[in-house]
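Student:
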Amino acid sequence: MNILEMRGISKSFPGVQALTNVDLTIRKGEVHGLVGANGAGKSTLMKILSGVIQADSGEIHFKGQRIRLHSPLDAQRAGISIIHQELSLVPTLSVGENIFLGRLHGKSYSLRWKDVYKQSRELLKRVGSHVDPRTLVRDLSVAQMQLVEVAKALSFNADLIIMDEPSAVLSGADLAHLFNTIKSLTQQGITIIYISHRLDEIFQICNRLTIMRDGRVVDSKDVKDVDRDFIIRGIVGRDLKDEYPPRKPKTVGEEILSVQSLTIRGKVHDVSFHVRRGEILGLAGLVGSGRTEIARCIFGADRYDGGEIRFKGRPAQFTNPRKAITSGVALVPEDRKSQGLITKFPVRLNLTMAALRKISRNGFLRPRVEREAADSLVKTLSIKTPSVEQIALNLSGGNQQKVVVGKCLFSDAEVIVLDEPTRGVDVGAKREIYDVIHELAGQGKSVILISSDWDELIALSDRLVVLHEGRVKGELNGSEATPDRILELALAHERGE
Amino acid sequence: MSSGRVLQKLYEQKAIVILAIIFVASAIWVPYFFTWQNIQNLMIQVSIYGIMGFGMTFAILAREFDLSIGAILAFSGVFLAQLAPKTGMAVAIVIVLVVGILIGMASGVLVGVFKLNSFIVTLCAMFFYNGLALAVSGGSPIMVDDAFLNWLGNGTTASVPNLVWTLLILFVITEYILRRTKFGRNVYAVGGDEQVAALTGISVRFYKVAVMTISALSATIASIYLTGMENSASPVEGSSAALFVISSVVVGGTSLAGGEGSAIRTVIGLFIFGIIDNALSLLNVPSFDQSLITGIMLVLVIGWDYYGRRRRLSHA
Ligand SMILES: Nc1ncnc2c1ncn2[C@@H]1O[C@H](COP(=O)(O)OP(=O)(O)OP(=O)(O)O)[C@@H](O)[C@H]1O
Ligand SMILES: [Mg+2]
Numbered sequence: 021m022n023i024l025e026m027r028g029i030s031k032s033f034p035g036v037q038a039l040t041n042v043d044l045t046i047r048k049g050e051v052h053g054l055v056g057a058n059g060a061g062k063s064t065l066m067k068i069l070s071g072v073i074q075a076d077s078g079e080i081h082f083k084g085q086r087i088r089l090h091s092p093l094d095a096q097r098a099g100i101s102i103i104h105q106e107l108s109l110v111p112t113l114s115v116g117e118n119i120f121l122g123r124l125h126g127k128s129y130s131l132r133w134k135d136v137y138k139q140s141r142e143l144l145k146r147v148g149s150h151v152d153p154r155t156l157v158r159d160l161s162v163a164q165m166q167l168v169e170v171a172k173a174l175s176f177n178a179d180l181i182i183m184d185e186p187s188a189v190l191s192g193a194d195l196a197h198l199f200n201t202i203k204s205l206t207q208q209g210i211t212i213i214y215i216s217h218r219l220d221e222i223f224q225i226c227n228r229l230t231i232m233r234d235g236r237v238v239d240s241k242d243v244k245d246v247d248r249d250f251i252i253r254g255i256v257g258r259d260l261k262d263e264y265p266p267r268k269p270k271t272v273g274e275e276i277l278s279v280q281s282l283t284i285r286g287k288v289h290d291v292s293f294h295v296r297r298g299e300i301l302g303l304a305g306l307v308g309s310g311r312t313e314i315a316r317c318i319f320g321a322d323r324y325d326g327g328e329i330r331f332k333g334r335p336a337q338f339t340n341p342r343k344a345i346t347s348g349v350a351l352v353p354e355d356r357k358s359q360g361l362i363t364k365f366p367v368r369l370n371l372t373m374a375a376l377r378k379i380s381r382n383g384f385l386r387p388r389v390e391r392e393a394a395d396s397l398v399k400t401l402s403i404k405t406p407s408v409e410q411i412a413l414n415l416s417g418g419n420q421q422k423v424v425v426g427k428c429l430f431s432d433a434e435v436i437v438l439d440e441p442t443r444g445v446d447v448g449a450k451r452e453i454y455d456v457i458h459e460l461a462g463q464g465k466s467v468i469l470i471s472s473d474w475d476e477l478i479a480l481s482d483r484l485v486v487l488h489e490g491r492v493k494g495e496l497n498g499s500e501a502t503p504d505r506i507l508e509l510a511l512a513h514e515r516g517e
Numbered sequence: 053m054s055s056g057r058v059l060q061k062l063y064e065q066k067a068i069v070i071l072a073i074i075f076v077a078s079a080i081w082v083p084y085f086f087t088w089q090n091i092q093n094l095m096i097q098v099s100i101y102g103i104m105g106f107g108m109t110f111a112i113l114a115r116e117f118d119l120s121i122g123a124i125l126a127f128s129g130v131f132l133a134q135l136a137p138k139t140g141m142a143v144a145i146v147i148v149l150v151v152g153i154l155i156g157m158a159s160g161v162l163v164g165v166f167k168l169n170s171f172i173v174t175l176c177a178m179f180f181y182n183g184l185a186l187a188v189s190g191g192s193p194i195m196v197d198d199a200f201l202n203w204l205g206n207g208t209t210a211s212v213p214n215l216v217w218t219l220l221i222l223f224v225i226t227e228y229i230l231r232r233t234k235f236g237r238n239v240y241a242v243g244g245d246e247q248v249a250a251l252t253g254i255s256v257r258f259y260k261v262a263v264m265t266i267s268a269l270s271a272t273i274a275s276i277y278l279t280g281m282e283n284s285a286s287p288v289e290g291s292s293a294a295l296f297v298i299s300s301v302v303v304g305g306t307s308l309a310g311g312e313g314s315a316i317r318t319v320i321g322l323f324i325f326g327i328i329d330n331a332l333s334l335l336n337v338p339s340f341d342q343s344l345i346t347g348i349m350l351v352l353v354i355g356w357d358y359y360g361r362r363r364r365l366s367h368a
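Residue numbers (our numbering), protein chains in the order written: chain L, 21 to 517; chain W, 53 to 368.
(1) So, does the stretch 265-276 of chain W touch the stretch 154-161 of chain W, judging by three or more C-beta pairs under 8 angstroms?
(2) Taking beta-carbon pairs under 9 angstroms, can you tell me which members of the stretch 427-450 of chain L lie near chain W?
(3) Please classify L/I524 as buried or exposed, where buried requires at least 16 other C-beta atoms within 10 Å of its C-beta.
(4) Starting from L/N200 and walking both ways along the beta strand (DSSP E), at which residues does that stretch end?
(5) Among all the DSSP beta bridges, which residues are the ones paired with L/H52?
(6) Rounded to whole angstroms, what is the Cα-Cα separation between W/I100 and W/M195?
(7) Does DSSP classify L/R443 as helix, strand or coil?
(8) Going by the DSSP bridge assignment, what does L/L303 pair with across the sheet?
(9) Looking only at its own chain, which residues have a Cβ that is under 6 angstroms from the Cβ of L/H90, when we skip the five neighbours before and after it?
(10) What is the DSSP secondary structure of W/E282, counted as helix, strand or coil?
(11) Quick check on W/E116 - is its C-beta less than 8 angstroms from some C-beta in chain L?
(12) At a threshold of 7 angstroms, does L/K62 count as lining ligand 2 (C-beta to nearest heavy atom)?
(13) Looking only at C-alpha atoms, which of W/W81, W/G347, W/R232 sits nearest to L/S380?
(14) Answer with yes or no whether the minimum CB distance from W/E312 to chain L is below 8 angstroms.
(15) Taking just the CA atoms, how far does L/R86 sit from L/A95?
(16) Report back the beta-carbon spacing between L/L401 and L/F430 to the nearest angstrom; my notes put them in contact at under 8 angstroms.
(17) Specify the secondary structure class of W/G310 as computed by DSSP and reduced to three states.
(18) Report the residue from L/M183, L/G35, L/L39 whose alpha carbon sits nearest the alpha carbon of L/I103.
(19) What residues in the stretch 353-367 of chain L have a beta carbon less than 9 angstroms from any beta carbon of chain W?
(20) Pick helix, strand or coil for W/M195, following the three-state DSSP scheme.
(21) Would you kindly check if the distance between the Cβ of L/V115 and the Cβ of L/V170 is under 8 angstroms?
(22) Would you say L/S30 reaches chain W, if we count a Cβ-Cβ gap shorter than 8 angstroms as a contact?
(23) Name the residues in the stretch 246-264 of chain W whose C-beta lies less than 8 angstroms from a C-beta of chain L; which are they?
(24) Hey, could you find the ends of the alpha helix (DSSP H) L/I284 is sitting in?
(25) From the DSSP output, read off the bridge partner residues of L/H294.
(26) Look at the alpha carbon of L/S128 and the alpha carbon of L/D152, and state the distance between them as a whole number of angstroms.
(27) Please go through the stretch 338-424 of chain L and give each complete beta strand (DSSP E) segment of 3 or more residues, from N-terminal end onward.
(28) Which residues, in order along the stretch 210-242 of chain W, keep a beta-carbon less than 7 angstroms from a beta-carbon of chain L?
(29) Taking only beta-carbon atoms, is W/G244 less than 8 angstroms away from chain L?
(30) Can you give the Cα-Cα distance for L/F384 and L/I210, rounded to whole angstroms?
(31) The beta strand (DSSP E) that contains L/E495, what's its start and end?
(32) Based on the DSSP output, what are the partners of L/L24 in its beta bridges?
(33) L/G383 versus chain W: which residues are under 9 angstroms apart at the beta carbon?
(34) Per the DSSP calculation, L/K31 is bridged to which residue(s)?
(35) Since L/R342 meets chain W, which of its residues come closer than 9 angstroms, beta carbon to beta carbon?
(36) Return no unless some Cβ of chain W is closer than 8 angstroms to the Cβ of L/M66.
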């Protein structure tokens, strides 16, 4: 039985035809994968389905009835909930308050906190989360936040839950937990639309899938009838010979940056490693292993309590990011929305802002040089945007991510720290970013790579440092690493090494 | 640009539409409004606020606020008036300008380095310099008789008032700095998102100090012209300057959320207010009614603009 039919949906934005005559059919109780390149229109379609934006034309039939969605409230009433691509929790409020945000009053308009927290606890239990609903959201890990989002979606008594790239930052146990939650939800009769760029996941949990490209549906299939290459072809529109660039034998130069006994109280303990010129060093670990904290210290964004960071043989006095950048260290930060992009600024300004010196002379900007620089970055990274003047907020998630990578590239650093550089990026564009990373290493630059996608980490890294709960647990050669070896190393002590 | 896009741009930039409507309406219905003499008066009227408006534009773009400009205006004026007889006018002007910069840096350091809220800092500064102005002047206006100053405030060059020239020159400089220099670009970035700017290697601290300094300096410059214009300096000058200037900047479309706006918008905002004021005076509307009408207009303009913005963002 079909729970949802979307027919002939079209939507355009100024300068962009985001959706053209899209049909989507979802069966009751299934997990339906929705895949497609960055900017293919997945989020737009789901925003229409959840009443956030309105289609220009087309019909939506839900549970056998035609519905018209003028606002998110309409969708919630109909039984459709969405977990947006970007987390939308309020960090300074508690988990319970977040779950019931906007509905925090009873009939008497007075808050009934007891009920809020009691119901929150029940909802959290249904998604297998044990956090106390009184905890502030900002104290949660990303994985925990993701489950709170699911609990929030459930709180509307939804029959259909849309998850827009819920797994982008999860790996290992956290991911397994999310999948278990999804399975138990389907057992409770809930239907799920699942968007992801990680194709393994589609095979793991989806029953059917729909592939989109350039605002159109390419195909809808049972997952058991397709293979990885089929999906990739559908997404990219051509064959992608290899997802990862081939590993080439190479000679790395002298050591350029080293971290010695780095300690951040409560987070990182006595961590040491180094990276050489021309080397790609992977930092592997689960969420909470301290990778991001270490990256931020290297970049001068955070203080550390002990240890030393040496750059080109001397102690690096990176007391703020500016000093790191002027010395030649760059960072692609973890969260593009709050740390990487000024979302209300055009793409051009975002791309060039880290290296205005390259587009100026004596402090005066050179508009033509800037435009050309921005255009060429857009091309190199195939950022999908009508022009470099488009507001960054209007780009699709993956394309925003590419802008952050482009901004970092433009700064011409010698050591480049990439914290989840391909978060939310499609398979085709990922490959382009990998090529760029290889090219950087080929030019003798050093890359420190953090990724929760271990296949990617292994395929790209010359060497991997395995971290667990803020400690170095071992080192692996890129060619000998496997996800199992990483996990084994990471968890070694827990079996009492 | 197709005509559709022109319309769209106009719809987004409501301030200029409003300005045009107000101007045309005044030209048609208000007697004497559309005369060269009155247009000149109008320009002179908005000039003093305009000079400060450009300084304020920097502050608001960087997501800060300056309530103290009126007090600085008053203090700098009486300070200049007291100083000039002792040091000579040229030296006095230099000293006053330097002091203006120091005043701005003081607020700037509190805002940028100590991370205090600029609303509070400049509110305190406002009381402080108001008090200082009264102390320096002994509480009454001081006459200033200086040919150069008088020429600045009341003279003309090529039959255009010097004040208007100044406004024009400062406008061009401001717009150029904002659009075409690293400094300007970084002011936008700091106002657009402080955290992102810092992670991009922009010294947020430096730019916060800088914008507060520019704002204070602009008030000092304005005080020199005002003193010349009136041939005297009063310690109670400029009590409504901050509100008027901030309202103009915001009505013009520079966002209080930071990172969005320009000098041209400030000019538009200034003239919206200036024309309303001027027209109501020509119509002999009593001043309390003027204030009432101005208030209502302000709500309408800001409300309309805000509604438009919300609509633009909500389908993002
Ligand atoms: N508010 C908007 N204004 C202008 N263009 C928009 C807006 N929202 C989306 N678009 C454009 O519509 C297209 C589809 O975007 P959408 O976010 O749906 O892509 P997506 O498939 O979710 O991509 P991703 O995998 O990167 O998240 C893109 O080209 C995007 O730039
Ligand atoms: Mg998306």
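Glycine residues also receive a C-beta, built at the ideal position from the N, C-alpha and C atoms.
Tutor: In short, the structure shows the following:
(1) yes
(2) Residues passing the 9 angstroms Cβ filter: K427, S431.
(3) In the structure as shown, chain L begins at 21 and stops at 517. Residue 524 of chain L is therefore absent and cannot be evaluated.
(4) Careful: L/N200 lies outside any beta strand (DSSP E), inside the alpha helix (DSSP H) at 192-207.
(5) L/I213, L/R228
(6) If you take the alpha carbons of W/I100 and W/M195, they lie about 19 angstroms apart.
(7) coil
(8) L/I470, L/V485
(9) Closer than 6 angstroms at the Cβ level, and outside the excluded window around L/H90, lies no residue.
(10) helix
(11) The Cβ of W/E116 sits no closer than 8 angstroms to any Cβ of chain L.
(12) yes
(13) Looking from the CA of L/S380, the closest CA among W/W81, W/G347, W/R232 belongs to W/R232.
(14) W/E312 counts as touching chain L.
(15) 12 angstroms
(16) Actually they are not in contact, since the Cβ atoms of L/L401 and L/F430 sit about 11 angstroms apart, beyond 8 angstroms.
(17) DSSP places W/G310 in coil when its eight states are reduced to three.
(18) L/M183
(19) Within the stretch 353-367 of chain L, P353, S358, Q359, G360, L361, I362, T363, K364, F365 place their CB atoms closer than 9 angstroms to a CB of chain W, listed in sequence order.
(20) strand
(21) no
(22) no
(23) Q247, V248, A249, A250, L251, T252, G253, I254, S255
(24) Element bounds for L/I284: not the alpha helix (DSSP H) but the beta strand (DSSP E), 275-284.
(25) L/S278
(26) The predicted position of L/S128 is uncertain, since its pLDDT is 49 and thus under 50; a value taken from the coordinates is nonetheless stated next. The alpha-carbon atoms of L/S128 and L/D152 are separated by roughly 26 angstroms.
(27) Here the runs fully enclosed are 349-352.
(28) R232, T233, K234, F235, R237, A241
(29) yes
(30) 58 angstroms
(31) 491-497
(32) BP columns for L/L24 point to L/I46, L/F82.
(33) T233, K234, F235
(34) L/L39
(35) A250, T252, G253, I254, S255
(36) no
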